[in-house]
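Comments concern the structure below.
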Amino acid sequence: MNTNYTDINSLTIDQWASSGWEWGQAINHDTFVKAQQGDWFVLLTPTKPVPKEWFCNFKSSKILGLACGGGQQMPIFSALGANCTVLDYSKEQLNAEVMVAKREKYEIDIVHADMTKPLPFANESFDLIFHPVSNCFVEDILPIWKECYRVLKNGGILLAGFDNSINYVFDEDEDVMKYKLPYNPLKDKDIYDDSLKNDWGIQFSHTIEEQIGGQLKAGFILTDIYQDTNGSGKLHEFNVPTYYATRVVKK
2 MNTNYTDINS
12 LTIDQWASSG
22 WEWGQAINHD
32 TFVKAQQGDW
42 FVLLTPTKPV
52 PKEWFCNFKS
62 SKILGLACGG
72 GQQMPIFSAL
82 GANCTVLDYS
92 KEQLNAEVMV
102 AKREKYEIDI
112 VHADMTKPLP
122 FANESFDLIF
132 HPVSNCFVED
142 ILPIWKECYR
152 VLKNGGILLA
162 GFDNSINYVF
172 DEDEDVMKYK
182 LPYNPLKDKD
192 IYDDSLKNDW
202 GIQFSHTIEE
212 QIGGQLKAGF
222 ILTDIYQDTN
232 GSGKLHEFNV
242 PTYYATRVVK
252 K
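Counting the sequence shown from 1 gives a position; my numbering is that position plus 1.
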């Protein structure tokens, strides 16, 4: 097995984005203009808009979009007056950010990097980190929470979306419980082979201890949480929650 899984994932997401992946389709001009007028929403998980009271004051704030390329959230924050940086290891996702920024004539810092490595930012650089569902592509997530804590200013906010692992139990049709948890292709050749054959990328389940517990271990204080569904499929039809979003603060 190729254990350099982040390279596989970056190429996989490039391919998804090029093929019309919903999380790689940049907002249009009208959506940008509406955001400038105060009519906007963003997503951390598939369907539920993030509560607006979760955010900091956007004017001149410094926001990091962590694994957040695609031209969906960063343009909204830029329209609202924030100074944005986006970090992603997918070149296609970053290309979408560049395209929207040029079209709407705003500045954004583009960083092509892997979030499994130390973040290339100084301590206390950002007021807010926006981190949509993406740590499912990372085997060990505690270092990510620690790096988020390091680069946030005191009082800074981390908004994160993540999978609660239920999706990894089922087959693609959500009819059969097929895989045991924890789901880790690097420790199970059958799952690894299925992942490559089906173009899933190399994904990992994580426990609540790793997700919320990891944020707390990094030093954050949890201030709010909500759950969400897949947005489609049988689990969604039965209203089975498969995602969480959390708001934590650095004190």
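Think of the CB as a built atom: it goes at the ideal place given N, C-alpha and C, for glycine as much as any other residue. In this text the structure is predicted, and so the values were computed from the model without any measurement.
Cβ neighbour criterion (16 or more within 10 Å) applied to Ser233: exposed
Would you tell me roughly how many angstroms separate the C-alpha atoms of Thr230 and Val51, rounded to the nearest one? 14 Å
Applying the criterion that 16 or more other CB atoms from any shown protein chain within 10 Å of the CB defines a buried residue, is Phe239 buried or exposed? exposed
Rounding to the nearest angstrom, what Cα-Cα distance links Lys179 and Lys198 in this structure? 16 Å
Report the rounded CA-to-CA distance for Gly71 versus Asn96, giving the unit in angstroms. 8 Å
Give the secondary structure of Lys218 by DSSP, where H, G and I count as helix, E and B as strand, and everything else as coil. helix
Indicate whether the contact test is met: 3 or more Cβ pairs, each with one atom in the region 78-85 and one in the region 13-23, closer than 8 Å. no
Pro119, buried or exposed, once every other Cβ within 10 Å from all chains shown has been counted against 16: exposed
Can you list the beta strand (DSSP E) stretches of 3 or more residues lying completely in the region 94-170, in chain order? 109-113, 127-132 and 153-164
For Asp115 versus Tyr90, is the C-beta distance shorter than 8 Å? yes
Nearest-angstrom beta carbon gap, Lys251 and Asn155 [assumed within contact, 8 Å]: 6 Å
Run of the alpha helix (DSSP H) containing Ala27, from where it starts to where it stops: Note, Ala27: premise wrong, no alpha helix (DSSP H); not H, not E.
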